[in-house]
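Number 1452 marks the last residue of the sequence shown (the working numbering); no jumps. Each residue gets a CB set at the ideal place from its N, CA and C atoms; glycine is no exception. As the structure is a prediction and not an experimental result, all values here were calculated from the model. One structure below.
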Amino acid sequence: MSSIKVISDFITKIIRKNILFAITIIIINYHLIQRWTHISNRGISFNDYLSLSVYTCMTISILTMLNVIFYMRKSYDTVKILCRNNFDYFLGISVAVTRNNFIFCCIPIIYAIAYSSLIRTLSIVTIKSTIFILIFEWFLPLTILSIVISFISVIINNLILKITLSSVFLYLTSTNMLDRVIDIKEPFFKALFKSLNIFEDQSYAYYSDFVGKVNNSAYVIDKIIPTLFAITLIIVAYLILNDIRKKQIKSLIVIVVYSILFIGLNYISIDMSTYRDEERSYGEYLKKSNISDIKIKSHDMKIDFKSKSNIKDRIVLLNTSNEELTNINMILDEIFDIKYIKINSENIKFNKKKDLIEVNLKESLEPNDEVTLDIEYEGYINVLTSWNQNKYIATKDDIMLPPGSLAWYPKVNQSSCMAYKINLSSKNNVYSNLPLLNKTSNFLKKDYIFEGKSNDIAIYAGEFKEEVKDDIKIIYPSDSNVNMDIEEKIKFLIETRNEILGDSKASVDAKKYVDEVDNVMESIKRKKINMILVADLPSNEFLYEDSKGEKISITIYHWLSGNILIIDK
């Protein structure tokens, strides 16, 4: 071990004197300074943008790759006298580069503390989440990369081949590669490429949108797999570079063991998470004829949100057609497995194809008649779409199920209001657009009953803060600035509304948007809104053509439901 320390100390000094080390530090500072103005104007969490620093991390990776390859080639003759064998040299290089990676990862902590202090959101939660992101999204990937490239550089002598193989590894483990395979139909291969990806940004990481923490075991598995890969390379390098007898057989055994673990962990994580290229469209199912022939009058749900959520729902449906129906079609996202569907406590036959449920009725449902279905289903609610467009999460700690999100409960093609009753528990405070009927709590959990009418449901839970301003309860994530968030969002709503209003050629959707904003402002003025919730909303955009013939994209940042206003975080 003493020779490894001497080698790592020597290489560390050499690397820090190199121009690439200085360039890397400059790039990190440039990136963080450049983002400072943008995020401070929006008043949002520093962690939101720290996680999206994947390009900075990739730049560091490329420079790290060149550093490792260059110095393992240049300095070997100088330090080989200190090495008992190539394995000591391999570990010495890996330790030296890891030390430098640690320095790189400490730089953003200074910015995070300074920024959070300025907007008065500095807390233990903010610091912990910042450190967490830096460890798992910066330091760990860079360390794995250093070990892999060190291994390649020791085993292979040809410089061009070293750079080529290292570049291929860097590409295969990058988010660029993940973007190309995220829509693969075969779940195993999708999980495989996801596990290989070591440079995750917030688009793919399992972060609560409130505190930036891991919220299920699938994320941990995604980190274990590449870490095991790096450990496997160290063991194989030890066997090969120490010239141990029967090294080929032992190396093969190690690789086989890792492969078995890799495949096993991949199969475990397949159902735990769902990755989609873009937002799921249920349009093809909603166009089916008899989906429009049914109206849902009420949902009565008992929800157990945990790693694998379980939902029991009693649905009252009305036949709104002029014909009797022998089957009913509804939408339920494909991430769920249905355990049973019952009518009057009797199991009935059904068929689920992707997002479509086809329920076969034992007795025909006459026009204007009602039927009550009892359905139980379960699944992992961890759905992420590419480049952080939308993400839907439900665990015992954190819930993010905004309106217009995935079909996490049975739906039909219906825009009118229906009655909802929801029973659920959580360790954290839970918020919904539905009125709170009852809340009880103990040391372990909080039980909630929400009941009311709406055309959709929004449920959020996590690390929130509450303030009362002008008799309005304002709820916002603990790592954001409430005043700047709300004031900036409302200001943006008004500016966009005025711009559209002055355009004579505005589309119907654009004019509808104006009416919605007017409704929001009128509700605030007349104090009809008693709660404003700052949280994530699905990306909702529409295009309209202005008076100059140019197409303008408008993003909707709000949702008004009764006396509750949700503003996009």
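Please classify L1317: does DSSP put it in a helix, a strand, or coil?
coil
Rounded distance between the beta-carbons of L1244 and I1258, thought under 8 Å:
I1258 to L1244, Cβ: 14 Å. No contact.
If you drop the 5 nearest sequence neighbours on each side, which residues of the same chain put their C-beta closer than 6 Å to that of F1093?
Confidence at F1093 is low in this model, with a pLDDT of 36, below 50, so the placement of that residue should be treated as unreliable; the coordinate-derived value is given next. G1345, E1346, P1360.
With a threshold of 16 other CB atoms inside 10 Å of the CB of K900, please say whether the residue is buried or exposed.
exposed
Bridge-paired residues (DSSP) for E1253:
L1201
With V1037 as the anchor, note down where its beta strand (DSSP E) starts and where it stops.
Counting along the chain, V1037 falls outside any beta strand (DSSP E), though it belongs to the alpha helix (DSSP H) covering 1023 to 1038.
Between A979, T1013, I1342, N1227, which lies nearest to Y994 when the distance is taken from Cα to Cα?
T1013
With DSSP as the reference, please indicate the residues paired to S1049 in a beta bridge.
For S1049, which the question treats as bridged, DSSP gives no partner whatsoever.
Less than 8 Å between C-beta atoms, sequence neighbours within five positions excluded: which residues of the same chain meet that for D1354?
K1410, N1413
The beta strand (DSSP E) that contains I1340, what's its start and end?
I1340 -> no beta strand (DSSP E), and no H or E assigned at all.
As assigned by DSSP and simplified to three states, the class of P1360:
strand
Reduced DSSP category for N1227 - H, G, I as helix; E, B as strand; rest coil
coil
Pairing CB atoms from the segment 1197 to 1205 with CB atoms from the segment 1317 to 1333, are three or more of them under 8 Å?
no
Distance CB(N1316)-CB(I1179) smaller than 9 Å:
no
For N969, tell me which candidate among I1035, I943, N984 has the shortest Cα-Cα distance.
I1035
Give me the Cα-Cα distance between K1329 and K1395, rounded to the nearest whole angstrom.
39 Å
Residues bridged to G975 (per DSSP):
According to DSSP, which records beta bridges pairwise, G975 is partnered with nothing at all.
In three-state terms, what does DSSP make of N1176?
Rather than Asn, the amino acid found at residue 1176 in this sequence is Asp. Three-state DSSP puts D1176 in coil, outside helix and strand.
Are the C-beta atoms of A905 and some chain B residue less than 9 Å apart?
Among the chains in the structure shown there is no chain B, since it carries only a single protein chain.
Classification of I911 by the beta-carbon crowding that lies within 10 angstroms, buried from 16 upward
buried
Range covered by the beta strand (DSSP E) that runs through E1350
1347 to 1352
For N1265, is the classification buried or exposed, using 16 other Cβ atoms within 10 angstroms of its Cβ as the cut-off for buried?
buried
Identity of the residues DSSP links to L1148 by a beta bridge
Answer by DSSP bridge pairing: none, since L1148 is not bridged.
With three or more C-beta pairs closer than 8 Å as the rule, is the segment 985 to 993 touching the segment 1038 to 1048?
no
Endpoints, beta strand (DSSP E) assigned at Y1303:
1301 to 1309
Using the rule of at least 16 other Cβ atoms within 10 Å of the residue's Cβ for burial, across every protein chain shown, is V980 buried or exposed?
buried
Assuming D1238 and E1217 make a contact with CB atoms under 8 Å, what is their CB distance in whole Å?
5 Å
Distance, I1046 Cα to S944 Cα:
13 Å
For K1294 versus L1215, is the C-beta distance shorter than 9 Å?
yes
Measure the CB-CB distance between K1185 and I1198 and report whether it falls below 9 Å.
no
Please classify E1020 as buried or exposed, where buried requires at least 16 other C-beta atoms within 10 Å of its C-beta.
buried
Beta carbon of F973, beta carbon of V1031: below 9 Å?
no
Just to confirm, are I897 and V978 a CB contact at a threshold of 9 Å?
no
On a Cα-Cα basis, can you pick out the residue from G975, V1119, I952, F1333 that is closest to Y1141?
V1119
Measuring alpha carbon to alpha carbon, tell me which of N950, E1241, I1226 ends up nearest S1033.
N950
Go to K1245, then tell me how far its beta strand (DSSP E) extends in each direction, as first and last residue.
1239 to 1248
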